[in-house]
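> Take this structure, written in structure tokens, and hold onto it; I'll ask about it next.
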Amino acid sequence: MPSYALFDTAIGPCGLVWGDDGVTNAVLPEADLEATRQRLLRRTPAAVETEPTSEIATAIEAIRELFAGGQRDLADIKLDLAAVSDFQREVYAIARAIPPGETLTYGDIAKRLGGVQLAREVGQAMGKNPIPIIVPCHRVLAAGGGTGGFSAPGGVDTKLRMLTIEKARTSAQPSLFDDLPLARA
263 MPSYALFDTA IGPCGLVWGD DGVTNAVLPE ADLEATRQRL LRRTPAAVET EPTSEIATAI
323 EAIRELFAGG QRDLADIKLD LAAVSDFQRE VYAIARAIPP GETLTYGDIA KRLGGVQLAR
383 EVGQAMGKNP IPIIVPCHRV LAAGGGTGGF SAPGGVDTKL RMLTIEKART SAQPSLFDDL
443 PLARA
């Protein structure tokens, strides 16, 4: 039986679902704690609220740190992706390798999987991501720096908020400060 825990972060209450083989699901903040719980239980109805294991407690702290503006990489959190397709696992592995503050496009991931023609399928895999933040689909953008979609509560606004917290660049366009001498150093 899967277990879950809800926890506060700088952007609101989040939740993790886990089993013996790792985290299976994550939810980003809804309007309040109860709405977050209801979303989590809609996605994993059999989950039972449980005290986090030490491994899950470490994952929760890492997520809190990232949402508080830290550059914590969540790639070491153990996941159970048995419920997703092989293609999704490949997409998620590439997304998990994107460090905080960096981005790739759907096309970049598609090229790594065999060809830019897979970009739509990459986008669909991201839209089905059961473990947002740990599989950082918010770091995957549309061509030309467009945001693309985001299926979490708050949609693209949440995606942009998460990228802003990570100080990620969402465009190849130079910023106002890129031409200053210290920025080039």
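Here the sequence shown is numbered in our numbering, starting from 263 and rising by one per residue.
For glycine and all other residues, C-beta sits at the position ideal for the given N, C-alpha and C.
(1) Does DSSP put leucine 336 in a helix, a strand or coil?
(2) Report yes if the C-beta distance between alanine 321 and isoleucine 339 is below 7 Å; otherwise report no.
(3) Whole angstroms is fine: what's the gap from lysine 429's alpha carbon to glycine 363's?
(4) Run the CB neighbour count on methionine 263, radius 10 Å, all protein chains shown included, and call it buried at 16 or more, exposed below.
(5) So which of Val346, Gly376 and Leu328 has the shortest CA-CA distance to glycine 389?
(6) Mind checking whether valine 378 and valine 353 have CB atoms under 7 Å apart?
(7) Any beta carbon of chain C sitting closer than 7 Å to that of serine 265?
(8) Let's test the definition: count the other Cβ atoms within 10 Å of the Cβ of glycine 369 and tell me whether it reaches 16, buried, or not, exposed.
(9) Looking only at its chain, what residues have a beta carbon closer than 6 Å to the beta carbon of asparagine 391, apart from the 5 residues adjacent to it on each side?
So, from the data block:
(1) coil
(2) Taking 7 Å as the Cβ cut-off, alanine 321 and isoleucine 339 qualify as a contacting pair.
(3) 5 Å
(4) Of the other Cβ atoms in all chains shown, fewer than 16 fall within 10 Å of the Cβ of methionine 263; this residue is therefore exposed.
(5) Val346
(6) no
(7) Within the model displayed, chain C is absent; a lone protein chain is all it includes.
(8) buried
(9) Hits under 6 Å: Val397 and Cys399.
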